[in-house]
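Under our numbering, residues 15 to 624 are what the sequence shown spells out, in order.
Just so it is clear, CB atoms sit at the ideal spot from N, CA and C, and this is done for glycine as well.
Everything on this sheet refers to the single structure shown next.
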Amino acid sequence: MLQQKQAGTFSVIDALSMTAPYQRFHRQSGTFSTDPVVITTSSQHSQYGFVGQQMQIPKSLADIFKQAGEEASLLGLPTESPHVGYEIPRFAAVGVTRLPRLHSARPRPAPRPQPEYRSYGAKAILPRSSRTGIFSMSEKEEQRLIYAVVVVKTLTGGLEQIVNWGLVHQVFHYKFDPNYCRHRWVFLRPKLGGTADKLQVEFQKLFLEAYESGEIPGIDFVEPEKYDWLGIVEWAERRLSQTNPLNGLPELPKSRQTLDKRFDVRHATEVYNIPREDFWVANVTHLRREELANSWTFARPLAGTTEPVQDDDDDLMLALSWVRANVITPDPVYDSNKAHEKLIKIEQLLPQALDHLLGAKIIRMENKGRQIPGRNYDISDSVLTMFKRQWDVRYLKKTAAFKKTIDEAFANDGKLTISYQATDAEMTAMTNLVAAGRAKVVPLLPEVNHTMGAPYPRLTKWGFTEGNYKTVHMDKSRLHFLLELHPTSTYIQGIPIAPIPSPPLSKQFPGELGPRLPLWTDIHGDLIKDYWQMTVMATLWLLAFRPGLKIQEICKSAYKGKLWDWEMEMFLAWAESAGLAKRLKYGGDDGPEADGWVVQEWWWLAFATE
Numbered sequence: 015m016l017q018q019k020q021a022g023t024f025s026v027i028d029a030l031s032m033t034a035p036y037q038r039f040h041r042q043s044g045t046f047s048t049d050p051v052v053i054t055t056s057s058q059h060s061q062y063g064f065v066g067q068q069m070q071i072p073k074s075l076a077d078i079f080k081q082a083g084e085e086a087s088l089l090g091l092p093t094e095s096p097h098v099g100y101e102i103p104r105f106a107a108v109g110v111t112r113l114p115r116l117h118s119a120r121p122r123p124a125p126r127p128q129p130e131y132r133s134y135g136a137k138a139i140l141p142r143s144s145r146t147g148i149f150s151m152s153e154k155e156e157q158r159l160i161y162a163v164v165v166v167k168t169l170t171g172g173l174e175q176i177v178n179w180g181l182v183h184q185v186f187h188y189k190f191d192p193n194y195c196r197h198r199w200v201f202l203r204p205k206l207g208g209t210a211d212k213l214q215v216e217f218q219k220l221f222l223e224a225y226e227s228g229e230i231p232g233i234d235f236v237e238p239e240k241y242d243w244l245g246i247v248e249w250a251e252r253r254l255s256q257t258n259p260l261n262g263l264p265e266l267p268k269s270r271q272t273l274d275k276r277f278d279v280r281h282a283t284e285v286y287n288i289p290r291e292d293f294w295v296a297n298v299t300h301l302r303r304e305e306l307a308n309s310w311t312f313a314r315p316l317a318g319t320t321e322p323v324q325d326d327d328d329d330l331m332l333a334l335s336w337v338r339a340n341v342i343t344p345d346p347v348y349d350s351n352k353a354h355e356k357l358i359k360i361e362q363l364l365p366q367a368l369d370h371l372l373g374a375k376i377i378r379m380e381n382k383g384r385q386i387p388g389r390n391y392d393i394s395d396s397v398l399t400m401f402k403r404q405w406d407v408r409y410l411k412k413t414a415a416f417k418k419t420i421d422e423a424f425a426n427d428g429k430l431t432i433s434y435q436a437t438d439a440e441m442t443a444m445t446n447l448v449a450a451g452r453a454k455v456v457p458l459l460p461e462v463n464h465t466m467g468a469p470y471p472r473l474t475k476w477g478f479t480e481g482n483y484k485t486v487h488m489d490k491s492r493l494h495f496l497l498e499l500h501p502t503s504t505y506i507q508g509i510p511i512a513p514i515p516s517p518p519l520s521k522q523f524p525g526e527l528g529p530r531l532p533l534w535t536d537i538h539g540d541l542i543k544d545y546w547q548m549t550v551m552a553t554l555w556l557l558a559f560r561p562g563l564k565i566q567e568i569c570k571s572a573y574k575g576k577l578w579d580w581e582m583e584m585f586l587a588w589a590e591s592a593g594l595a596k597r598l599k600y601g602g603d604d605g606p607e608a609d610g611w612v613v614q615e616w617w618w619l620a621f622a623t624e
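Given below as C-alpha cells:
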C-alpha cells in the first residue's frame with residue numbers, strides 16, 4: 015500500500031521499494047528472476063484513496079508495462095522526459111499486480127554431478143541411498159568432512175564459530191548438499207568428543223605460520239566461495255597427519271631421555287576408569303551408553319604392586335570431623351562447655367576447617383554473617399539431599415515387619431496368598447526370599463477346558479475371547495489368577511542376622527589428638543539416630559541397585575564428597591559384620607579398594623530388630 019510522505023508527493027520508485035520485488039532462483043534453468051510491480055489507478059474513490067496528491071512516474075516504468083504486454087491506465091502518461099510530474103485530482107491505489115518474471119543474466123552455478131549407474135544384467139541400480147537420495151559418505155569421506163568443518167569453522171566461523179555449510183559441500187565437488195553435510199556432522203560430532211577441538215587448535219597454529227610465510231594464499235572474505243577450499247583441506251590433512259588425533263595415539267619418543275623431557279611420567283595408584291556414576295544417569299542416550307561401556311578398562315593392577323594413598327593432613331581431617339559433629343549435635347543434648355573443652359584442642363585448625371566445610375557446602379552459616387550467642391552454623395541442605403533415595407527408612411522397616419507376617423502364614427497354613435494390592439515393601443521381601451531360594455511362587459491356574467461356551471475362569475486353546483479378537487470388550491477378570499508363596503526346605507523363621515551389632519561411634523587414627531567422629535556421632539561421642547538410619551538406608555540402596563561400587567566411588571560420586579572415605583570404611587566394616595554387605599574378593603588382592611561391595615542375602619532386614 016502506498017504511504018504519504020511528508021512532502022506530500024508520491025513516487026513510483028518509493029512504491030517499488032516499499033513492495034520489495036524479490037528474486038528467485040530456478041533450479042531447472044539455473045537463472046534468477048525478478049517480479050516487477052504494476053500499480054493500477056482508478057478515478058473512483060476507495061478506502062485506500064488519497065485526494066489531491068502529486069505522483070511522479072519514471073519513464074522506465076512505462077517501458078516495463080509495454081514489454082510485459084499489460085494494459086495500464088495511467089490517465090495520459092507522458093513519456094518524453096525521464097520524470098514527469100502529474101496532478102491527479104482523485105487517486106486510489108486499487109491493487110498491486112505481479113508481472114511475469116524477467117530472467118536476469120546472472121552466472122549459472124555448476125550443475126550437480128549425476129550418479130554413476132551400475133548395471134547388473136538388464137537392471138540399473140543406483141548407489142546406496144542417503145539423505146540426498148543419491149550418495150552416502152564412505153569412511154574416508156567422513157574423515158574429510160571432519161577436516162572440512164574444522165577448516166571452515168576456523169577461517170570463516172567468527173567469534174560464534176558458525177559453520178558455513180555452503181563452503182563445506184564445495185570440498186566434495188558438490189557431491190553432497192549442505193543439509194546432508196550438516197546432518198552427517200551432527201551424527202559424527204558426539205563420537206569425536208574433544209578430538210575436533212584439538213584438531214582446530216593444531217590447525218590454527220599451522221595456518222598462522224603458513225599464512226605468514228606466504229605458503230597459503232589469502233582469503234577474499236567478500237566472496238569466500240571462490241577460495242580453493244578443497245586445496246586448504248587437503249593441506250590441513252597432510253600437515254596434521256603426524257599429530258592427528260584421528261590416527262590414534264602419538265608415537266613414543268625414540269629414547270627415555272626424550273620421553274622424560276616431553277612428558278610428565280607419573281605412577282598411577284590404580285587403573286584409571288571413568289566414574290561409575292555416569293552409568294546410572296537416567297537421561298543418557300544409547301550412544302553415550304556405548305561410549306561408557308567401550309571406555310571401561312577391564313583390567314586390574316597386580317596384587318601388591320600398588321600402595322594405598324596416605325592422607326598428608328590427618329590433623330585437618332580430625333578437625334573437620336569435630337567441627338561437623340559440633341554443628342549437627344541436637345540442641346537437647348548439646349553441652350557447650352564440654353564442646354568447648356574438646357574444640358580448644360584444635361583451636362589453630364578451626365579457621366581452616368570452617369573454610370573447608372563452608373567451601374565444600376557441608377555446613378552453612380546462619381543469620382547471614384551476623385554473630386549471635388550460641389552456634390552460628392548448621393548442616394547444609396546439600397548434605398541431606400545426597401542421602402535421599404527412591405526409598406526411605408520407613409520402607410525397610412515395613413519390609414522387615416512383613417517378614418513376621420510371612421513367618422506366621424508359613425507356620426499356620428504353610429503358604430501365603432499374595433495379594434493383588436501388595437505394597438512395594440512387601441514385594442521386596444518376597445522377591446528377595448525367592449531370589450535366595452528360601453521360598454517359591456506357586457500359581458493357581460484355572461482348569462483347562464476347550465469346550466466352547468464353557469463358563470470362565472478356564473484356560474482354553476481358543477483364548478480368552480471365544481475365537482475372536484475383540485479383547486477391548488473382554489472381561490478383564492478372565493486374566494486374573496492367584497499366586498501363593500510357599501517355603502522351601504531352606505527357609506529360616508525369624509531374623510537370621512539377629513542380633514545386629516551396635517553402630518561404630520568413632521575411630522582412633524595413629525598420631526592424632528583424639529578419635530575421629532563420623533556423620534552419625536555428635537560432638538559428645540553419642541549416636542545421632544536419624545543420621546545413622548539415613549546412612550544405612552542410602553548406602554544399602556546404592557549397593558543393592560549399583561552392585562560392585564567401591565568406597566571412593568560411593569563417597570566421591572554417589573555422595574558428592576559429603577561423606578569421607580574413612581567413615582564409609584567404618585560403615586561397611588559394620589555392615590559386613592552384621593551380615594548386610596560383603597566385599598568381593600577376586601584376584602587375590604585383599605586391599606580395601608581391591609573390589610567393590612554388594613549387599614548380602616538379608617540386607618532388607620537391617621531395621622528388623624528396632
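Distance CB(residue i)-CB(residue j) smaller than 9 Å
| i | j | result |
| --- | --- | --- |
| L254 | E226 | no |
| F585 | V550 | yes |
| I511 | A353 | no |
| F277 | K411 | no |
| L332 | G528 | yes |
| T502 | K454 | yes |
| A443 | A414 | yes |
| I514 | K417 | no |
| V298 | A162 | no |
| S433 | E422 | no |
| L553 | A589 | The question names Leu, yet the displayed sequence has Thr at residue 553. Yes. |
| T474 | H487 | no |
| K596 | W611 | yes |
C-alpha gap between residue i and residue j, whole angstroms
| i | j | result |
| --- | --- | --- |
| Y243 | N193 | According to the sequence displayed, residue 243 carries Trp and not Tyr. Straight-line Cα distance between these residues: approximately 18 Å. |
| W578 | I358 | 24 Å |
| F2 | N390 | Outside the shown range of the chain, which is 15 to 624, sits residue 2, and nothing can be said about it. |
| A374 | K576 | 8 Å |
| L598 | S591 | 15 Å |
| D427 | A558 | 32 Å |
| Q566 | V613 | 17 Å |
| N340 | A307 | 43 Å |
| W249 | K240 | 17 Å |
| L619 | L533 | 22 Å |
| T170 | R560 | 48 Å |
| L173 | K521 | 56 Å |
| L594 | E355 | 37 Å |
| R492 | L459 | 11 Å |
| F190 | H183 | 6 Å |
| K570 | S394 | 17 Å |
| R41 | K167 | Because the pLDDT at R41 is just 47, under 50, the model does not fix this residue reliably, and the value given afterwards should be weighed accordingly. Taking the straight line from one Cα to the other gives about 28 Å. |
| E237 | R158 | 23 Å |
| I542 | T343 | 8 Å |
| L363 | A296 | 41 Å |
| I377 | S396 | 9 Å |
| T431 | A425 | 13 Å |
| L625 | K154 | This structure gives no information on residue 625, because the portion of the chain shown stretches from 15 to 624. |
Start-to-end residues for the alpha helix (DSSP H) that takes in residue i
| i | result |
| --- | --- |
| I246 | 243-253 |
| K596 | Unbroken run through K596 is the beta strand (DSSP E), 595-597; no alpha helix (DSSP H). |
| H197 | 192-206 |
| A453 | No alpha helix (DSSP H) holds A453; the beta strand (DSSP E) holding it covers 453-458. |
| P365 | 364-373 |
| D544 | 543-559 |
| L159 | 153-170 |
| R303 | 300-309 |
| D625 | Since the displayed the chain opens at 15 and closes at 624, residue 625 lies outside it and no answer follows. |
Pick from the options that is closest to residue i, judged by C-alpha positions
| i | options | result |
| --- | --- | --- |
| F523 | W580, R472, E461, Y573 | W580 |
| A210 | I160, F235, R252 | I160 |
| H370 | V337, I342, A589, A296 | V337 |
| L330 | N351, D349, A367 | A367 |
| Y545 | W617, W616, D438, V407 | V407 |
| V347 | I376, K596, Q547, D540 | D540 |
| E498 | S309, A436, I360, L563 | A436 |
Residue i: first and last residue of the uninterrupted beta strand (DSSP E) it sits in
| i | result |
| --- | --- |
| L497 | 496-501 |
Notebook entry, point to check: With a cut-off of 8 Å, do at least 3 Cβ pairs link the segment 164-181 to the segment 195-214?
Noted result: Pairwise C-beta distances place the segment 164-181 in contact with the segment 195-214, as three or more of them are shorter than 8 Å.
Check: Can at least three beta-carbon pairs, one atom from the segment 473-485 and one from the segment 394-406, be found at a separation below 8 Å?
Finding: At 8 Å Cβ cutoff, the stretches do not touch.
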